[in-house]
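Take a look at the structure below.
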Amino acid sequence: MPLPVVLAVEEHPDGLKGVEAQLAQRYAHDYRVMCLGNPGVALQKLTELAHAEEHVALVLAGMPQPPDVRSRLLEQVRDLHPHAKRALLVPLDVWADKPAADAVRTVQANPDWLRLAGHTVAVLGAGAEIGPLPSLLR
Numbered sequence: 371m372p373l374p375v376v377l378a379v380e381e382h383p384d385g386l387k388g389v390e391a392q393l394a395q396r397y398a399h400d401y402r403v404m405c406l407g408n409p410g411v412a413l414q415k416l417t418e419l420a421h422a423e424e425h426v427a428l429v430l431a432g433m434p435q436p437p438d439v440r441s442r443l444l445e446q447v448r449d450l451h452p453h454a455k456r457a458l459l460v461p462l463d464v465w466a467d468k469p470a471a472d473a474v475r476t477v478q479a480n481p482d483w484l485r486l487a488g489h490t491v492a493v494l495g496a497g498a499e500i501g502p503l504p505s506l507l508r
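Take any residue in the sequence shown, note its place counting from 1, add 370, and you have its number in this note's numbering.
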């Protein structure tokens, strides 16, 4: 049986590289870590995984994506992999950047985008120590 998948989508190449390195270092022995730079490609991969009935444990969506693309991706995750947890990747300085802070507030104002009945969703910094992930992956 294949390992469950942790999939991160981050359009910023440096952010993607950092997230991929951190995820692989900490979780590659228990999860198949997939990091993609294009939301469309990520959605295609998630669809393939659903058709193959493979378990997706967590999907992380990065901030650079336009809010409608990001929310559509997270909503599709819910449809394709209802048990997968979803979280938003934000840069460490998100509150200092008005457009990014506004985007986070938009997500906060629309909790149904990340609705996980009975679960907690964490917002993680792409460059941060990814310590909270173990609780997301339980």
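Beta carbons are placed, not taken as given, at the ideal position from N, Cα and C, and that holds for glycine.
Since we're looking at a predicted model, the values are computed, not measured.
Does residue 432 pass the burial test, meaning 16 or more other C-beta atoms within 10 Å, or should it be called exposed?
buried
Taking C-alpha atoms, which residue in 402, 451, 443 and 376 lies nearest to residue 410?
443
Taking Cβ positions, are residue 386 and residue 407 nearer each other than 7 Å?
yes
With DSSP as the reference, label residue 410 as helix, strand or coil.
helix
Using three-state DSSP, classify residue 398 as helix, strand or coil.
coil
Quick check: the Cα distance between residue 459 and residue 395, rounded to an integer number of angstroms?
18 Å
For residue 439 and residue 468, I'd like the C-alpha separation in whole angstroms.
19 Å
Could you pull the DSSP bridge partners for residue 404 from this structure?
377
Beta-carbon within less than 7 Å of residue 454's beta-carbon, same chain only, minus the 5 sequence neighbours each way: which residues are those?
426, 427, 428, 429 and 447
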